[in-house]
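Numbered according to full-length UniProt numbering, the sequence shown spans residues 1 to 524. Reading through the structure tokens given below for one structure.
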Amino acid sequence: MEYKRCNSSRTTASISRSPQLRTSATSTPVRSATPMRTPTSARSGASSARRTLTGTGTGSGALRSVGLDGASPRAKGPGLPRPIAYKRSGTATSGGQVDSGNDMSVVSSRSAIGDSPKGKRGAHKPAVAKTGGNGRVNVYARVRAFSPAETADNQHSAVHLSDNKVEVVVSPKSVYTFMLDGCFSSTGSPSDEGFASQSSVFDAIGRPLAENALAGYNAAIMVYGQTGSGKTYTMFGPPKSLGTEEQGLVPRVCNMIFERADACFQKGITCRVCVSMLEVYLEDVFDLFSNRKQVTVRKDYLDNSFHVVGAKSIPVRQYKDVEELLQRAEALRTFAATAIHARSSRAHALFQLELYTTFESTDIAPRTAKILLADLAGCERIKLAQTETGIPFEEARNINLSLLSLGSCIEAVTMRKGSSQNIPEFRNSTLTKLLKEYLGGNSVSSIVVTVGPSVRDARLSVQSLRFADRAMKVVTHAKINTVKPITELMMQMVPKTRCVRLITKERGITRRVSGAERVAEAAE
Numbered sequence: 001m002e003y004k005r006c007n008s009s010r011t012t013a014s015i016s017r018s019p020q021l022r023t024s025a026t027s028t029p030v031r032s033a034t035p036m037r038t039p040t041s042a043r044s045g046a047s048s049a050r051r052t053l054t055g056t057g058t059g060s061g062a063l064r065s066v067g068l069d070g071a072s073p074r075a076k077g078p079g080l081p082r083p084i085a086y087k088r089s090g091t092a093t094s095g096g097q098v099d100s101g102n103d104m105s106v107v108s109s110r111s112a113i114g115d116s117p118k119g120k121r122g123a124h125k126p127a128v129a130k131t132g133g134n135g136r137v138n139v140y141a142r143v144r145a146f147s148p149a150e151t152a153d154n155q156h157s158a159v160h161l162s163d164n165k166v167e168v169v170v171s172p173k174s175v176y177t178f179m180l181d182g183c184f185s186s187t188g189s190p191s192d193e194g195f196a197s198q199s200s201v202f203d204a205i206g207r208p209l210a211e212n213a214l215a216g217y218n219a220a221i222m223v224y225g226q227t228g229s230g231k232t233y234t235m236f237g238p239p240k241s242l243g244t245e246e247q248g249l250v251p252r253v254c255n256m257i258f259e260r261a262d263a264c265f266q267k268g269i270t271c272r273v274c275v276s277m278l279e280v281y282l283e284d285v286f287d288l289f290s291n292r293k294q295v296t297v298r299k300d301y302l303d304n305s306f307h308v309v310g311a312k313s314i315p316v317r318q319y320k321d322v323e324e325l326l327q328r329a330e331a332l333r334t335f336a337a338t339a340i341h342a343r344s345s346r347a348h349a350l351f352q353l354e355l356y357t358t359f360e361s362t363d364i365a366p367r368t369a370k371i372l373l374a375d376l377a378g379c380e381r382i383k384l385a386q387t388e389t390g391i392p393f394e395e396a397r398n399i400n401l402s403l404l405s406l407g408s409c410i411e412a413v414t415m416r417k418g419s420s421q422n423i424p425e426f427r428n429s430t431l432t433k434l435l436k437e438y439l440g441g442n443s444v445s446s447i448v449v450t451v452g453p454s455v456r457d458a459r460l461s462v463q464s465l466r467f468a469d470r471a472m473k474v475v476t477h478a479k480i481n482t483v484k485p486i487t488e489l490m491m492q493m494v495p496k497t498r499c500v501r502l503i504t505k506e507r508g509i510t511r512r513v514s515g516a517e518r519v520a521e522a523a524e
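Below is the structure:
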């Protein structure tokens with residue numbers, strides 16, 4: 001008889017940190033394959049000035065709206081609204097040419113070209129939205145403005161945009177081309193043609209997300225990129241920017257939700273909104289709406305999902321309530337100065353809005369939807385950032401490892417295709433646990449990859465765009481989330497309660513039967 005050897009699991013170490021606002025430290029680059037540490041400390045962060053993308057402008061393409069007016073009854077039918085999706089114009093080939101294609105799940109390929117012409121700089125006009133069934137993750141690129149230091153060093157642009165194409169020139173013989181769903185250039189002057197302002201980015205990405213949520217679909221936007229590339233600016237805007245032209249996606253999406261809710265109230269449609277905001281710092285999760293109270297992430301083995309236990313979900317009646325909560329959370333977020341960025345995010349921030357919609361007609365089922373807006377901390381080179389020792393090193397290490405885990409999960413999701421191999425290991429990182437539902441699950445998801453324009457950041461920009469290329473392969477399965485009657489919910493509990501009884505009986509565990517389980521037993 002032969003026995004197969006099983007690999008033993010490794011345990012993670014735990015450390016305790018007391019974070020505080022810092023200046024830069026010195027460091028050396030680290031590539032570690034060891035498990036991430038999970039300290040249990042909380043941090044309250046202050047802030048210094050944040051790097052911003054400058055100016056205002058306009059831009060966007062035609063977008064098709066799917067709203068609450070098209071509400072459909074419980075029964076399936078042709079009137080059921082579908083999530084907004086974007087059609088790709090083509091994929092890159094080895095010769096640098098672009099082939100047209102209609103399949104939304106077609107994978108773009110990255111190729112190094114040496115003699116293809118440079119693309120015209122500027123933001124493209126987003127493709128016209130169309131309805132579709134199961135789509136995929138939509139991916140966009142945004143190029144920030146040159147920083148004062150880059151301008152003083154006479155850095156020239158290494159990133160060139162043309163329609164949906166991003167071209168990164170690392171060296172004269174090393175040019176990389178990527179095909180995405182959209183590109184936004186915030187370099188140059190706001191008066192330049194094609195300049196991507198905060199408003200134009202919202203019109204192209206945030207507005208379809210809000211429309212999908214109002215129609216009953218879960219939706220998500222995640223910003224990804226190297227440190228100092230404009231992620232927090234894109235998602236939240238600079239400090240004290242609420243109510244200005246520079247405010248980011250989060251306040252704009254919330255404002256649109258309440259504007260549409262007020263308009264729909266006149267038509268007999270009622271919307272209830274709850275918001276929550278979490279921060280993932282050194283693999284621990286903190287509730288920013290509850291004075292940085294530490295919460296836990298637990299797995300539900302019945303539906304193979306992860307849930308946050310102890311986080312506060314606050315009902316809000318108007319947009320002003322959201323503004324007050326965002327201002328309170330801003331003071332509690334974790335920022336620190338590094339050699340690269342004066343106000344670098346040292347943790348991942350996740351803002352979630354839950355929307356519950358009811359209709360006057362009893363023939364239309366109530367709907368529920370979740371919106372996730374994730375500001376991911378930036379990957380960084382520890383030597384350049386000078387975060388070699390102490391807390392800065394642990395922060396950089398955990399950020400890089402969590403983003404590495406995110407990339408591994410995305411690659412596994414795209415390669416799985418129903419087989420038992422390449423199973424995504426979402427449990428390897430707290431971040432991937434929280435994002436699991438939005439990566440290939442029941443959600444209309446988008447990713448904005450932010451890159452720096454200078455030659456100094458060219459190699460990191462290529463790495464970020466390779467991540468974007470992989471993310472475009474992730475297929476999502478969005479569906480309208482309706483609130484089911486209590487009798488149907490009780491019938492769904494029957495197999496779950498039967499499973500619990502069998503497990504406890506096999507293990508000889510004596511447990512108290514709840515009232516809900518008695519009802520489910522009676523339904524059997």
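The beta-carbon is built from N, C-alpha and C at its ideal position, and this holds for glycine as well.
Measuring only the C-alpha atoms, how far is Ile221 from Gly237? 15 Å
Quiz item: Helix or strand or just coil, what does DSSP make of Pro172?
Solution: coil
| task | Round the Cβ separation of Val250 and Met235 to the nearest angstrom and send it over; I've been treating them as touching at under 8 Å. | result | 6 Å
- prompt: By the 10 Å Cβ neighbour count, where 16 or more other Cβ atoms means buried, how is Lys433 classified, buried or exposed?
  reply: buried
Asn398 lies in the beta strand (DSSP E); which residues open and close that run? Premise fails: Asn398 lies in the alpha helix (DSSP H), Gly390 to Arg416, not in any beta strand (DSSP E).
- Can you name, in chain order, every residue of its own chain whose Cβ lies under 8 Å from the Cβ of Val316, other than the five neighbours on each side? Val273, Cys274, Val275, Val322 and Leu325
Task: For Arg459 and Val170, believed in contact at Cβ under 8 Å, the rounded distance - done: 6 Å
As assigned by DSSP and simplified to three states, the class of Gly182: strand
* Span of the beta strand (DSSP E), counted from its first residue to its last, around Pro315 -> Ile314 to Val316
- Message: So, for Ser157: in the same chain, excluding its five sequence neighbours on each side, which residues have a beta-carbon less than 6 Å away from its beta-carbon?
- Response: Pro453
Range covered by the beta strand (DSSP E) that runs through Val448: Val444 to Val451
Whose C-alpha, out of Glu245, Ala342, Lys293 and Gln386, is nearest the C-alpha of Ser200? Glu245
Query raised in the report: With 16 other CB atoms within 10 Å as the buried threshold, where does Phe289 fall?
Result: buried
7 Å CB neighbourhood of Ser464 in its chain, flanking five on each side removed:
Tyr224, Gly225, Gln226, Val449 and Val451
Meets three-Cβ-pair contact criterion under 8 Å: the segment 302-309 and the segment 388-400:
no
request  = Using DSSP bridges, identify the partner residues of Arg367.
outcome  = Thr357 and Thr482
| Sheet register partners of Asn138 (DSSP bridge) | Ser446
message: Using only CA atoms, which one of Ala337, Leu403, Ala377 and Ala349 lies nearest to Thr387?
response: Ala337
Query - Whole-number beta carbon distance between Ser446 and Thr476, since they are thought to touch under 8 Å - result: With 8 Å as the limit, Thr476 and Ser446 do not qualify as a contact, their Cβ atoms being about 10 Å apart.
* **Own chain, CB closer than 8 Å to Gln318, minus 5 neighbours either side, in chain order** => Phe258
ask   = Does the Cβ of Pro172 have 16 or more other Cβ atoms within 10 Å, making it buried, or fewer, making it exposed?
value = exposed
key: Residue burial classification, Pro148 (beta-carbon count within 10 angstroms, cutoff 16)   = exposed
Worksheet entry | Bridge partners - Gly225, DSSP secondary structure assignment | Thr450
(Q) Looking at Ala342: is its Cβ nearer than 9 Å to the Cβ of Leu384? (A) no
Query raised in the report: What is the DSSP secondary structure of Val474, counted as helix, strand or coil?
Result: coil
Any 3 or more C-beta pairs closer than 8 Å across the segment 206-213 and the segment 161-169: no
- By Cβ distance, which residues of its chain are closer than 6 Å to Ala141, with the 5 residues on each side in sequence left out? Val166, Leu180, Cys183 and Val449
- Please classify Gln247: is it buried, with 16 or more other beta-carbons within 10 angstroms of its beta-carbon, or exposed? buried
So if DSSP puts Phe265 in a beta bridge, which residue, or which two residues, is it bridged to?
For Phe265, which the question treats as bridged, DSSP gives no partner whatsoever.
For Asn138 and Thr414, what's the separation of their Cα atoms in angstroms? 14 Å
**Item:** Straight-line Cα distance separating Asp457 from Phe146
**Value:** 11 Å
Could you compute how far the alpha carbon of Tyr176 sits from the alpha carbon of Leu376?
24 Å
- Task: Give the DSSP-derived three-state secondary structure of Arg298 in the structure shown.
- Result: strand
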